[in-house]
Amino acid sequence: MRPIETRYALSGDVRIAYQVVGQGSFDLVFVPGFISNLDLHWEDEGFSRLLKRLSAFSRLILFDKRGTGLSDRVDSHHLPSLETRMDDVRAVMDAAGSGRAALLGASEGASMAMLFAATYPERTRALVLYGGYAHFHKWVMPPERLDAFIEMAETAWGTGATLQHFAPGRVDDPRFATWWGRFERLSASPTAAAALARMNAGIDVRGVLAAIRAPTLLIHRRNDARVDPDASRFLARKIANARLVEVPGRDHPIWTGDVERVADLIEVFLTGQRVVAETERALAALLATRIHDTARLGDRMWNERFQRFQETWRLLVGHHGGRAAGMHGELMISRFDSPARAIRCAAALREATQGIGVASAQGIHVGEIELRGPPTGLTVRVATQLAAHARRGDILASRLVADLATGSGLHFTDAGRITLDELSEPLALVLATSEQHLEPACHSRIKATEPAALTARESEVVNLIADGKSNAAIAAELRLSEHTVKRHVANILLKLDLPSRAAAAAFSVRHPGPDGP
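All residue numbers for the sequence shown refer to numbering that gives the first Met the number 0, where the first residue is 0 and numbers rise by one.
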């Protein structure tokens, strides 16, 4: 879903490039950070995913600030003020036919969005400020660090050298590092980049915060490498009725890390609900694999071994009946129709890494995912966080994985519990301990589809599903928590090898139990 056309808005005597995508019921203007390039955004997996999510519920208006990307360059000796760049937002809205819009400001763009909201309250529907700040030197970098950054920009711009300052967690990702180098070159020249850095250093909008009346959501990563999280905590205290959500992560750009979590927060804030598109969903076991101890390898050796491991990963995933679902940040995600196959594949990958000269750490979780497109949502977030917490050589899984793999001959040991932001209660963990004796499950096995495979409680649940009741309604009728009902539904779908609740309802009709329909 790429925009058909790039247009230009006239702001004074400068032309500002913009794109419009999506047909939502309200306008959302994305105000970018330090540098941007409208065309290049769509080439990065994380960035394009974010834009697709945002444009699914809004009419999304994107633009390159003056001096960056596809917009006109500016005289580096006469830097535009923040007020001038704020006027560019108004010019783009006018050109796009937007009278009133929500503004999503990221990093430096958050400062522009705040000034716009205070100056044009009648045109501001709501504010979302990601990784934002009111004063550059206080919360981004002091003058001495700025001088060093500008010197690096003037001497090494276009090589990807600034990546370590924005997304240190992606430095060892060769594909992203290469894209970041192009992102630098196509977003600004070395002279322009240095000039933009000097301009951003003058940002101080602390005086306008009390004038902001728009509903405001603040999002900040807890260990942000670029902007101190205290910057958003300050904004939360000074902007009336602002809500702050801190999310896990270190990398600063809004399109890195857990993009789905950020998009969910924005969607719920702006629409009041998380709208799930009508699409086919199924229960799946997701395996997240990362290479461990990458810092010990030089760039050339890392690239060679990473390529070899990727090839081996795709081969082994297919060999075990799975599907390579792509990259999620630094992790490789694969999908399986049973947790046993996912575990056996993880064990094979663990053995393969030893032959390549690297080590792996892996996480496995089971849940519903959309069958179209790459896995997204809660299930993938939990799997990736388990991989992030796993130690060298570990296969760390949720307890549900072990429960559903009962009878498979696999062995597990208790690994305690972990608290995740996405879950309302701690998640029980296990370690898969079986290794080389595991036999690859290369062929699909037909599972028993007799009602006797279900427990009495599961039979009750599947009958209520057939009655068309939601998880909440089932929980109320059986006096269970909704979380427990979700777990029963997961067990039912796995035991009966069914793709969805609708299939479970059809199964119940075909195989009525003693108390069934």
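By construction, the Cβ of each residue, glycine as well, lies at the ideal position given by its N, Cα and C atoms.
Values in this document were obtained by computation on a predicted structure and should not be read as measured data.
In the three-state scheme derived from DSSP, where H, G and I count as helix and E and B as strand, Q353 is classed as helix.
Closest by C-alpha distance to W156, out of E44, A191, P141, L102, is A191. With three or more CB-CB distances shorter than 8 Å, the stretch 18-31 counts as touching the stretch 56-70.
In this structure V246 is in contact with I218, their Cβ atoms being roughly 6 Å apart against a cut-off of 8 Å. Restricted to the stretch 110-166, the alpha helix (DSSP H) segments that are unbroken, complete and at least 4 residues in length are 135-138, 142-155, 162-165, listed in chain order. When the beta-carbon positions are compared, V400 and D413 stay at least 8 Å from each other. Along the length of the stretch 47-74, whole beta strand (DSSP E) runs at least 3 residues long occupy 58-62, reported in chain order. One thing to note: Y132 has its Cβ within 8 Å of the Cβ of V226. In this structure, DSSP gives R478 a state outside helix and strand, which the three-state scheme calls coil. Listed as beta-bridge partners of E4 by DSSP are no residues whatsoever. Taking the CA atoms as reference points, H319 sits about 22 Å from V381. For P338, same chain residues with a beta-carbon under 6 Å away, outside a window of 5 residues either side, are A284, V365, V400, L403, A404 in chain order. Residue environment for P142: exposed (fewer than 16 other C-beta atoms within 10 angstroms of its C-beta).
Across the structure, I473 and V484 are spaced so that their CA atoms are roughly 7 Å apart. It is roughly 25 Å from the alpha-carbon of A200 to the alpha-carbon of R169. Under the three-pair Cβ rule at 8 Å, the stretch 250-263 counts as touching the stretch 39-55. Cα atoms of D223 and L195: separation of roughly 21 Å, rounded to the nearest angstrom.
Counted as a single uninterrupted DSSP element, the alpha helix (DSSP H) harbouring E183 occupies residues 173-186. With contacts defined as CB atoms closer than 8 Å, A386 and L330 qualify as a contacting pair.
Residue state for V484 is assigned as helix, using DSSP reduced to three classes. Its Cα nearest to that of I238, the residue M113 stands out among R249, M113, Q353. Under the three-state reduction of DSSP, H364 is assigned to strand.
By the 16-neighbour rule on beta-carbons within 10 angstroms, S231 is buried.
Taken atom to atom, the span from the alpha-carbon of D86 to that of H136 is near 24 Å.
When rounded, the separation of the alpha-carbon atoms in V30 and V91 is 11 Å. For G206, the secondary structure class from DSSP, reduced to helix, strand or coil, is helix. Per the C-alpha coordinates, the member of V88, K468, V379 positioned closest to L282 is V379. The DSSP-derived three-state label of F411 is strand. For D420, there is no enclosing beta strand (DSSP E), as DSSP marks it with neither H nor E. Cα atoms of I363 and T418: separation of roughly 16 Å, rounded to the nearest angstrom.
DSSP places Q306 within a helical segment (H, G or I) once states are collapsed to three.
Beta-bridge analysis with DSSP links T215 to L126.
CA-CA distance, Q22 to H410, rounds to 50 Å. Residues of the same chain with a CB within less than 8 Å of the CB of V13, apart from the 5 flanking positions on each side, are R65, S70, D71, V73, D87 in chain order. For F33, there is no enclosing alpha helix (DSSP H), as DSSP gives it neither H nor E. Counting C-beta atoms within 10 angstroms of its own C-beta, Q306 has fewer than 16 neighbours from the protein chains shown and is therefore classed as exposed.
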